[in-house]
Amino acid sequence: MTTALTPGTAELVTDLADGTILTADVAIVGTGAGGGAVAGELARAGLDVVMIEAGGPLAGSRPGAHIRNAFPAEAQLETHYGPEVWNSLTPYAGGKERFDAMRGALAIHSVGGMLSYWSHMCASPDVETETEPAIPAPSMRDLLERSRRLLWANLDIEAPGVRQHRVLAAVRQAFPGLPAGREVQQLPVAMQRTAAGPIEFAGIDALLTPGETGGAKPVRIVAGHPVRHVEPGRSAGSGATVTAGASGGSGRVQVQAATVVVAAGALGTPQLLHASGIRPAALGRYLTDHTQLVSRVKLRDDLLDGVPADDPTFSVWIPASSARPMHTQISRGWITSSPILADLPSWQTADIGQFTGVDPRPENRLVFDPVHLDGFGLPRVSVEFSLSRADRDRATEMFADHYRVAEAIADFGYALEASAMPAGTSLHLMGTHRMGSRDDGTSVTDSVGRVWGHDNLYLAGNGLISTRNAGNPTTNTVALGLRTADAILGRPTRDAS
Ligand SMILES: Cc1cc2nc3c(=O)[nH]c(=O)nc-3n(C[C@H](O)[C@H](O)[C@H](O)COP(=O)(O)OP(=O)(O)OC[C@H]3O[C@@H](n4cnc5c(N)ncnc54)[C@H](O)[C@@H]3O)c2cc1C
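Per my numbering, residue 45 is the first one in the sequence shown, and the count goes up by one each step.
Given below as structure tokens:
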């Protein structure tokens, strides 16, 4: 049985009998940002795509859509939306145990992956200092532009806001002289205004949009089926098989396809490859994260004076660059731990969120337990992770910088309680199946996401990102997914220009 998600975009395939074999041009494991980017682009080009997802469709929300669309009012951000997000996050594979070395790491297993819950901040990485060394700058700029368009990265909705204008001006004044293109600016948000009026936020429905050409085949999504084995076949054209089991049951489903893309998250992708006997030396290693510092402040009275009740939310960005190793976003958040500010009306507050990068080091890694299985029937994962001296020096610099940002906008009659969050809290784990330009043991894929030595096995998702970087990763991950889709479609790149 199939259920249409958004007409023409994707359909859920349910009630599959044990032993069902589906065929497709491309099988994609995981329905998050990485998988969604590849799937949408391939489907728009006319390929037949099946996605297999361990989690089920979201209850109470259109599958593939962002859950915030169900809570449209700003006032509901903290009362409804924030708690809903936190209640849906679990350590990986639906288990309860946190990783000792990364107590903040959490995941979501449902159709749309984390993209059904993300905060929609579309930071782009600095092409000079943060993007993949294996991808030439002209190609990367094109890919990032395509990614922003697909994600509905929008400036128009917030631009007229009074707080947007004043907070931006105040922060600009405090941080002059940054490199061209990386100055203080408005941060694009993945949202659009619908024809009916309300704003909607992007989930994988945005990535799977059929596009202007139409005629795309809807992507078929098999939910509630953790994939336990991938058999890529010997060469392109020889066919690949993906085997999944029904969650909580013994039913088995197979997808046979010419090409397989594993996009099961920064933990799930290396885990599945490992379970399938595909174990390049760098697999699961070079795990990176963003060290995170957050605070909520009350905005100064002059920034709040006369703000109308319908003032849109605001998003101000100090991008990471050669001048600053940290990403800074100032926006209206949906959760606070500050008892002092909790009583203030939320429109008077701003959340300062900062991330700084972690150096990729092979000893920061995932470990796979060959004996014990997790909730998906795969080898249980544990994490070995620590910050280097250089990582901690950057975090120290970020603390001082946080105070400077607060000075630009905050009413210091109230508290500034900056919290350094436990490792993993960024929910931006990266690097565990990193790309590279040579098969020298330090990378898992080439620069289009193809696993070294396997013609028809590609990887997508945050785990591909090989660099130390500081901004929210999704715009980058979607850009890399588009490059993978281009490669599968045999499209030329701009690498040589
Ligand atoms: C609350 C929150 C706020 C965020 N805010 C932002 C933001 O503002 N900006 C930003 O850029 N990023 C943000 N992020 C992070 C962003 O959502 C992720 O970077 C991105 O969505 C990761 O995509 P992915 O494809 O790598 O992984 P995922 O989204 O984790 O997708 C992987 C999918 O694979 C599935 N899977 C795993 N194992 C298997 C298996 N064996 N078989 C089948 N399926 C499997 C998982 O269930 C999951 O659905 C946020 C995340 C959260 C949760």
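In this text, a Cβ means the ideal position worked out from N, Cα and C, and glycines have one as well.
This structure is a prediction, so every number in the text was calculated from the model and none was measured.
Please tell me whether residue i and residue j are closer than 8 Å, where the distance is taken between their beta carbons.
| i | j | result |
| --- | --- | --- |
| residue 232 | residue 197 | yes |
| residue 480 | residue 412 | no |
| residue 316 | residue 422 | yes |
| residue 341 | residue 450 | yes |
| residue 251 | residue 80 | yes |
| residue 373 | residue 165 | yes |
| residue 96 | residue 269 | yes |
| residue 432 | residue 409 | no |
| residue 538 | residue 200 | no |
| residue 55 | residue 396 | no |
| residue 249 | residue 401 | no |
| residue 76 | residue 159 | yes |
| residue 453 | residue 344 | yes |
| residue 102 | residue 157 | no |
| residue 263 | residue 503 | no |
| residue 515 | residue 167 | yes |
| residue 512 | residue 403 | yes |
| residue 326 | residue 487 | yes |
| residue 347 | residue 211 | yes |
| residue 554 | residue 497 | No information on residue 554 is available, as it lies outside the stretch 45 to 541 that the chain covers here. |
| residue 501 | residue 304 | yes |
| residue 526 | residue 190 | yes |
Just how far apart, CA to CA, sit residue i and residue j?
| i | j | result |
| --- | --- | --- |
| residue 152 | residue 161 | 8 Å |
| residue 53 | residue 205 | 33 Å |
| residue 272 | residue 289 | 7 Å |
| residue 477 | residue 284 | 20 Å |
| residue 442 | residue 220 | 17 Å |
| residue 466 | residue 334 | 10 Å |
| residue 142 | residue 148 | 8 Å |
| residue 426 | residue 440 | 28 Å |
| residue 182 | residue 508 | 19 Å |
| residue 470 | residue 399 | 8 Å |
| residue 275 | residue 505 | 20 Å |
| residue 314 | residue 447 | 38 Å |
| residue 521 | residue 66 | 28 Å |
| residue 385 | residue 461 | 10 Å |
| residue 491 | residue 540 | 14 Å |
| residue 482 | residue 277 | 22 Å |
| residue 493 | residue 416 | 30 Å |
| residue 445 | residue 58 | 51 Å |
| residue 383 | residue 194 | 39 Å |
| residue 510 | residue 82 | 19 Å |
| residue 379 | residue 122 | 6 Å |
| residue 536 | residue 530 | 8 Å |
| residue 239 | residue 366 | 41 Å |
| residue 94 | residue 407 | 35 Å |
| residue 202 | residue 209 | 9 Å |
| residue 523 | residue 178 | 14 Å |
| residue 517 | residue 146 | 19 Å |
| residue 237 | residue 90 | 28 Å |
| residue 87 | residue 255 | 10 Å |
| residue 128 | residue 243 | 19 Å |
| residue 321 | residue 180 | 32 Å |
| residue 519 | residue 188 | 7 Å |
| residue 485 | residue 457 | 54 Å |
For residue i, does the count of other Cβ atoms within 10 angstroms reach 16, so buried, or fall short, so exposed?
| i | result |
| --- | --- |
| residue 245 | buried |
| residue 301 | buried |
| residue 62 | exposed |
| residue 217 | exposed |
| residue 70 | buried |
| residue 144 | exposed |
| residue 363 | buried |
| residue 130 | exposed |
| residue 247 | buried |
| residue 475 | buried |
| residue 381 | exposed |
| residue 390 | buried |
| residue 353 | exposed |
>> Which complete alpha helix (DSSP H) runs does the stretch 152 to 228 hold, if anything under 4 residues is left out?
In response: 181 to 194, 206 to 218
> Is it true that the stretch 171 to 189 meets the stretch 109 to 121, where meeting means three or more beta-carbon pairs spaced less than 8 Å apart?
Replying inline: no
> Counting only runs that start and end within the stretch 65 to 123, where is the alpha helix (DSSP H) found for 4 or more residues in a row?
Replying inline: 77 to 88
>> Please give the ranges of any alpha helix (DSSP H) in the stretch 230 to 273, keeping only runs that are unbroken, at least 4 residues long and fully inside the region.
In response: 248 to 251
>> So within the stretch 280 to 352, which uninterrupted alpha helix (DSSP H) runs reach at least 4 residues, ignoring any that extend past its ends?
In response: 309 to 319, 345 to 348
> Residue ranges of each beta strand (DSSP E) run of no fewer than 3 residues wholly in the stretch 450 to 507, ordered along the chain?
Replying inline: 501 to 503
> Along the chain, which unbroken stretches of the beta strand (DSSP E) at least 3 residues long are found entirely within the stretch 366 to 443?
Replying inline: 370 to 375, 393 to 401, 409 to 417, 423 to 428
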